[in-house]
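Below is one structure; the comments refer to it alone.
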Amino acid sequence: MKFYIFGVFLVSFLALCNAEDYDKVKLTGRTVYISRSKAPWFTALDNCNRLRFTFAMIKSQKENEELTNALLSVIKSDEENVWIGGLRHDLDDYFRWISFGTALSKTSYTNWAPKEPTGRPHRTQNDEFCMQMSFKDGGKWSDNTCWRKRLYVCEKRD
C-alpha cells in the first residue's frame, strides 16, 4: 500500500513538473504551449501527447504570424528554431501535419524558406524528415534531422 501511494504521488509530481515546463499563450482559435526545454522531434511529440496536447499545426498565414510573434515574445534565448508538427515519411514526396495526417500540398498554406524542404525521399544521405520553424526569420519553415534537440510547440485547438 505504501508503494502504491508513493507511486501515485510520484506520478502526480512529475505531471505537475512537466506542465510547468511550458509557456501558455492564447492565440486565435487555439492555445499554444511553448516548451522551456529541448527535445528531439519524436520525444517532443510524445511530450505533447502525454499532456493531451497535439504538436502545433499551421493552417494559414495568420496562424503562422501569430505563432511567430508569440515565440518572439516568450523565447528570450539564442534559439532560432522550434519543432512544429510536420513530418515526411521516407517514401513520400510531401510533408504531413502529424496531428491530423493532412498532407501539405500546393493547395494548402505553406511557409517554406527558399530552397526548402531540402530532404528528398530515396536519398540515403539526407535524413531531414522533421519540420522546424525559424521564428527569427519571419516564421519560415525548413526540414531538419529529427534527432536534433530543439524547443517545440504543442497546441490545443478550441
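Anchor point for the sequence shown: position 52 equals 34 in our numbering, and the numbering is continuous, going up by one each time.
Built from N, CA and C at the ideal position, the CB exists for glycine as well.
Where residue i falls, given that 16 or more other Cβ within 10 Å makes a residue buried
i, result
"residue 68", "buried"
"residue 82", "exposed"
"residue 10", "exposed"
"residue 142", "Missing from the structure shown is residue 142; the chain here goes from -17 to 140 and no further."
"residue 134", "buried"
"residue 123", "buried"
"residue 15", "buried"
"residue 3", "exposed"
"residue 65", "buried"
"residue 125", "buried"
"residue 61", "exposed"
Residue i versus residue j - alpha carbon distance
i, j, result
"residue 109", "residue 5", "30 Å"
"residue 104", "residue 33", "Note that residue 104 scores a pLDDT of 49, beneath 50, so its modelled location is shaky and nothing firm can be said."
"residue 23", "residue 116", "15 Å"
"residue 132", "residue 74", "24 Å"
"residue 139", "residue 46", "15 Å"
"residue 141", "residue 17", "The structure shown does not extend to residue 141, since the chain spans only -17 to 140, so no value can be given for it."
"residue 76", "residue 44", "22 Å"
"residue 80", "residue 26", "12 Å"
"residue 90", "residue 19", "31 Å"
"residue 42", "residue 48", "10 Å"
"residue 128", "residue 56", "23 Å"
"residue 12", "residue 35", "11 Å"
"residue 21", "residue 7", "20 Å"
"residue 58", "residue 37", "21 Å"
Segment limits, beta strand (DSSP E) that includes residue i
i, result
"residue 93", "Note, residue 93: premise wrong, no beta strand (DSSP E); not H, not E."
"residue 139", "133 to 139"
"residue 111", "110 to 116"
"residue 13", "12 to 17"
"residue 8", "4 to 9"
"residue 100", "Unbroken run through residue 100: none, as it is neither H nor E."
"residue 55", "Run containing residue 55: none in the beta strand (DSSP E); it sits in the alpha helix (DSSP H), 43 to 56."
Host alpha helix (DSSP H) of residue i (start-end)
i, result
"residue 32", "23 to 32"
"residue 69", "Looking at the DSSP string, residue 69 is not in any alpha helix (DSSP H); the run it does join, the beta strand (DSSP E), is 63 to 69."
**OP:** Please determine if the region 51 to 62 and the region 89 to 102 are in contact, where contact requires at least 3 C-beta pairs separated by less than 8 Å.
**Re:** No, they do not touch.
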